[in-house]
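Q: This structure is in structure tokens; I'll ask about it shortly.
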Amino acid sequence: MFVLSFLGRRVLAAALTLLVTSFLVFVLLEVAPGSPELVLLGTRQPTPELVHAIRAQNHLDDPFFTRYWHWLSGAVRLDFGRSVRSGRSVGDILAERLDVTAFLGLYAFVLVMVIAVPAGLFAAIRRNTAWDRGVTLVALLGVSAPPFAVGLLLLTVFGVALGWFPVFGAGTGFADRISHLTLPAVALAVAEVAIVVRQTRAAALDVTTKDFVTFARARGLPRRLVLGRYALRNSALPVVTSAGLVLAFSLTGAVLVEATFSLPGLGSLLVESVTTKDIPVVQGLALLAAALMVGVNLLVDLCYLGLDPRIRHAGGVG
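What follows is the structure, given as structure tokens:
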């Protein structure tokens, strides 16, 4: 019963977050310079007939909250209106671009988890050794490196000078896409690896000083068993939290990386839409980003339920 109550509260909080976000996104059209119909006209000539059609199509003669309700009901059906620039459905445009961004984000996330978690654990196990100091130094350098700068460096060295990887485009097919997105994924993952390494190291160090780990060692249990069953499992919650943040950033924060590598993803679409003042597309992107963030947070909460029995049996978390 508590699990259902816990999930119900999280889902309700997610729904309220999306509702507030949708309202703020809708207000974007209202506060944009110029009248709403002129914003929606874009570069087209404002003839009386076209202005009247735009006002009727977007319910601009209705009260504010009535217009918001029409827009929200459409957004629930993934209907965000039509692009000012191309006249196409915003939902179709987002669906086309989401594929590349999702692949890039998940690729970067996998790289982060495969590299950062083992490195952080080994740094904690071998505290104050050359390995620990080396990992800490690399993590510090990684946090200090902007993704677009790393991307330019990788592009110049491995794409242009050595020719090992393609320098632009997203590729077609799984293998070709892996080849095209390796450099962007590495550029996106560098700073994230640094964050997860430091979080994993700190969590593992904290757990290894606990009494139950000391007791397990005193009983003569194998080192691998102590680290795997006790230390790793009990240090998982902070790592899961940082992993959730990394996944959310990988899916929503690749704007500069996509621009650097000329990738046809959501990030480059955002740059194009802001440049051309394509407000319906910007609204759709903002709401999609919020939905992805909320979805990742829900996924992290589900992981908490599986990893921490205190949440299931002791009345929940704060």
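Under full-length UniProt numbering, the residue at position 12 of the sequence shown is numbered 12, and the numbers go up by one with no gaps.
Note that beta-carbon positions come from the ideal geometry of N, C-alpha and C, so glycine has one too.
I think V281 touches V76, with their Cβ atoms under 8 angstroms apart; what is that distance to the nearest whole Å?
A: Taking the sequence shown and counting its residues from 1, the one referred to as residue 281 is at position 281. Taking the sequence shown and counting its residues from 1, the one referred to as residue 76 is at position 76. So it is not a contact: roughly 18 angstroms between Cβ atoms.
Q: Under 9 angstroms between the Cβ atoms of T172 and Q199?
A: Residue numbering aside, residue 172 sits at position 172 when the sequence shown is read from its first letter. Residue numbering aside, residue 199 sits at position 199 when the sequence shown is read from its first letter. It is not a contact, given that the beta carbons lie outside the stated cut-off.
Q: Taking the alpha helix (DSSP H) that F148 belongs to, which residues open and close that run?
A: Translated into positions along the sequence shown, residue 148 becomes position 148. Here the alpha helix (DSSP H) through F148 covers P147 to L154.
Q: Would H52 be called buried (16 or more neighbouring beta carbons within 10 Å of its own) or exposed?
A: Locating residue 52 in the sequence shown gives position 52, counting from the first residue. Label assigned to H52: exposed.
Q: Considering Cα atoms alone, identify which of R97, F26 and N297 is closest to S262.
A: The residue you call residue 262 lines up with position 262 of the sequence shown. Here the closest residue by C-alpha is R97.
Q: So G244 packs on V197, CB below 8 angstroms; how close in whole Å?
A: For the purposes of this step, residue 244 is taken as the residue at position 244 of the sequence shown. For the purposes of this step, residue 197 is taken as the residue at position 197 of the sequence shown. About 16 angstroms separates the two Cβ atoms, so there is no contact after all.
Q: For the alpha helix (DSSP H) that L60 lies in, which residues bound it at each end?
A: Against the sequence shown, residue 60 aligns to sequence position 60. From DSSP, L60 is part of no alpha helix (DSSP H); its letter is neither H nor E.
Q: How is L245 classed by DSSP in three states: helix, strand or coil?
A: Walking along the sequence shown from the start, residue 245 turns up at place 245. Correct three-state label for L245: helix.
Q: Which residue from G105, W131 and L121 puts its Cα closest to that of L205?
A: Translated into the one-based positions of the sequence shown, residue 205 becomes position 205. Out of G105, W131 and L121, L121 has the C-alpha closest to the C-alpha of L205.
Q: Ignore the nearest five residues each way along the sequence and tell me which others in G316's own chain have a CB closer than 6 angstroms to its CB.
A: As a first step, residue 316 must be located in the sequence shown, where it is residue number 316. Low local confidence applies: a pLDDT of 46 at G316 is under 50, so the model's placement there is unreliable, with the coordinate-based value given in what follows. Around G316: F6.
Q: F109 and A187: beta carbons closer than 9 angstroms?
A: Mapped onto the sequence shown, residue 109 falls at position 109. Mapped onto the sequence shown, residue 187 falls at position 187. No; because the gap between Cβ atoms is not below 9 angstroms, this pair is not in contact.
Q: Would you identify the three-state DSSP class for R82, choosing helix, strand or coil?
A: To locate residue 82, count along the sequence shown from 1; it is residue 82. In this structure, R82 counts as strand in the three-state DSSP scheme.
Q: Take L152 and list the residues in its own chain whose beta-carbon comes closer than 8 angstroms to its own, dropping the five residues that flank it on each side.
A: Your numbering for residue 152 matches position 152 in the sequence shown. So the list reads T260, once near-sequence residues are dropped.
Q: Count the C-beta pairs between the region 158-177 and the region 66-86 that are closer than 8 angstroms, then say yes if the count reaches three, no if not.
A: At 8 angstroms Cβ cutoff, the stretches do not touch.
Q: Quick one: give me the first and last residue of the alpha helix (DSSP H) that A204 is part of.
A: Taking the first residue of the sequence shown as 1, we reach residue 204 at position 204. Per DSSP, A204 belongs to the alpha helix (DSSP H) from F174 to T208.
Q: Work out the CA separation of A286 and G318 for me, nearest whole Å.
A: As a first step, residue 318 must be located in the sequence shown, where it is residue number 318. As a first step, residue 286 must be located in the sequence shown, where it is residue number 286. The pLDDT assigned to G318 is 42, lower than 50, so where the model puts this residue is not dependable; a value taken from the coordinates is nonetheless given after this. Going from the Cα of G318 to the Cα of A286 covers about 29 angstroms.
Q: Buried or exposed: which applies to V27, given that a residue is buried once 16 or more other Cβ atoms fall within 10 Å of its Cβ?
A: What you label residue 27 is simply residue 27 of the sequence shown in a count that begins at 1. Exposed.
Q: Look at P184 and E258 and say whether their C-beta atoms are less than 9 angstroms apart.
A: For the purposes of this step, residue 184 is taken as the residue at position 184 of the sequence shown. For the purposes of this step, residue 258 is taken as the residue at position 258 of the sequence shown. In this structure, E258 lies closer than 9 angstroms to P184 by Cβ.
Q: Start and end of the alpha helix (DSSP H) containing T260?
A: Here residue 260 is taken as the residue at index 260 of the sequence shown, counted from 1. Note, T260: alpha helix (DSSP H), V255 to T260.
Q: Have a look at Y68, L94 and D61 and flag the residue whose alpha-carbon is nearest the alpha-carbon of G267.
A: Counting from 1 along the sequence shown, the entry for residue 267 is found at position 267. For the residues Y68, L94 and D61, the minimum Cα distance to G267 belongs to L94.
Q: Which one of W71, G284 and A290 has the shortest CA to CA distance from D92?
A: Within the sequence shown, the letter at position 92 stands for residue 92. That would be G284, whose Cα lies nearest to the Cα of D92.
Q: Write down every uninterrupted run of the alpha helix (DSSP H) in the region 65-138 whose length is 4 residues or greater and which is fully enclosed by it, in chain order.
A: Complete alpha helix (DSSP H) runs here, min 4: 90-125.
Q: Between the Cα of L111 and those of F148, F168 and L247, spot the shortest distance and give me the residue it belongs to.
A: Translated into the one-based positions of the sequence shown, residue 111 becomes position 111. Selected option, being the one with the closest Cα: L247.
Q: Would DSSP call residue 320 helix, strand or coil?
A: Outside the displayed range of the chain (1 to 318) lies residue 320, so it cannot be described from this structure.
Q: Residues in its own chain within less than 8 angstroms of V11 by CB, not counting five upstream and five downstream?
A: For this step, residue 11 is matched to residue 11 along the sequence shown. L298, listed in sequence order.
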